[in-house]
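The structure under discussion appears below in the form of structure tokens.
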Amino acid sequence: MQKATSIKLVVLTLTTIITTASIAKLSDKQINSENSGRSHLVSDNYKVSVRKQINAPAENVWAIVGALDGMEKFMAAYVKHSQIDGLHVGAQRIMVGHNGKTQYEKIETYRPEARTYSYSVEDKANYPLKNLRNHVRVEVLSDNMSMLVWTSTYDEKASHPHPAILQIRMNEMLDTMVTGVKKIVESGSPP
């Protein structure tokens, strides 16, 4: 009886985490490009999005995320070092993890006037996701309040046995990044 109760509790907890984390499988199999008005057809696509209100002006938040480098400042748990070869569409960002692995990212859109950019992550054979795309947006809520929205869309690889766990991990990573930016900006630390 106690084992059955524990299993029900785990299932309930996972269901709550998935619902709360704004994790959704896209049913229309399309992601609308907010920057160009175009749609991109994808298959078996998943979306994970984290939104956090930040007690600071949007330009202060953008100074951190819009710089495109220094990811280790707010992703210290994952990133040892990052660098980018420019602030433009097509720029390549290289991130080196604490485990020594390197991740290559390509800037797909960059619109500082709208405080938004998107980037794709190079597919790798040993990576459990494919077609990973991220969109970062800073919204103005008031003169001293903003909202940071970080969204990832991806396809799961057919070989991965636990897609729900991938979604939870993606949400944890995005939440870590957004929370890191929030802490830096609200503490008044320079970018």
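Residue numbers (mature numbering (1 follows the signal peptide of the UniProt record, and there is no 0)): -24 to -1, 1 to 167.
Every residue, glycine too, gets a C-beta built ideally from N, C-alpha and C.
These numbers were taken from a predicted model, which means no experiment stands behind them.
Pull up the distance between the alpha-carbon of residue i and that of residue j, whole angstroms please.
{"i": "Ile30", "j": "Tyr93", "result": "18 Å"}
{"i": "Val157", "j": "Asp119", "result": "18 Å"}
{"i": "Arg27", "j": "Val154", "result": "8 Å"}
{"i": "Met149", "j": "Pro139", "result": "15 Å"}
{"i": "Gly73", "j": "Lys159", "result": "21 Å"}
{"i": "Ser163", "j": "Pro88", "result": "23 Å"}
{"i": "Pro104", "j": "Arg145", "result": "11 Å"}
{"i": "Val65", "j": "Leu124", "result": "21 Å"}
{"i": "Met121", "j": "Trp38", "result": "12 Å"}
{"i": "Met71", "j": "Val55", "result": "7 Å"}
{"i": "Ile141", "j": "Arg69", "result": "27 Å"}
{"i": "Thr129", "j": "Asn36", "result": "26 Å"}
{"i": "Ile40", "j": "Leu63", "result": "13 Å"}
{"i": "Pro137", "j": "Lys106", "result": "15 Å"}
{"i": "Ala32", "j": "Val114", "result": "11 Å"}
{"i": "Lys77", "j": "Met51", "result": "15 Å"}
{"i": "Val161", "j": "Tyr22", "result": "30 Å"}
{"i": "Ile45", "j": "Asn75", "result": "Residue identity check: residue 45 is Asp in the sequence provided, not Ile. Each residue's alpha carbon lies about 19 Å from the other."}
{"i": "Gln143", "j": "Tyr95", "result": "19 Å"}
Nearest to residue i by CA position, among the options, is which residue?
{"i": "Asp61", "options": "His74, Val112, Tyr80 and Glu162", "result": "Tyr80"}
{"i": "Ala43", "options": "Tyr22, Val24, Tyr54 and Ala67", "result": "Ala67"}
{"i": "Ile83", "options": "Val97, Pro104 and Asn75", "result": "Val97"}
{"i": "Asp151", "options": "Lys106, Ala53 and Tyr22", "result": "Ala53"}
{"i": "Val24", "options": "Trp126, Arg91 and Val161", "result": "Trp126"}
{"i": "Asn110", "options": "Asn147, Glu35, Lys100 and Val161", "result": "Asn147"}
{"i": "Glu48", "options": "Ala39, Ser58 and Ile40", "result": "Ser58"}
{"i": "Lys100", "options": "Ile40, Asn36 and Glu132", "result": "Glu132"}
{"i": "Arg91", "options": "Lys77, Thr78 and Ala34", "result": "Ala34"}
Check for me: the beta strand (DSSP E) holding residue i runs from which residue to which?
{"i": "Leu124", "result": "Met121 to Glu132"}
{"i": "Asn75", "result": "Segment: none, Asn75 is in no beta strand (DSSP E) and carries neither H nor E."}
{"i": "Tyr93", "result": "Thr92 to Val97"}
{"i": "Lys106", "result": "Leu105 to Ser118"}
{"i": "His57", "result": "Val55 to Ile60"}
What residue does the alpha helix (DSSP H) around residue i start on, and which one ends it?
{"i": "Ser165", "result": "Run containing Ser165: none; DSSP gives neither H nor E here."}
{"i": "Asn31", "result": "Per DSSP, Asn31 belongs to no alpha helix (DSSP H) and is neither H nor E."}
Under a Cβ-count criterion, where at least 16 other Cβ atoms within 10 Å of its own Cβ denotes burial, should residue i be classed as buried or exposed?
{"i": "Val112", "result": "buried"}
{"i": "Val116", "result": "exposed"}
{"i": "Ser165", "result": "exposed"}
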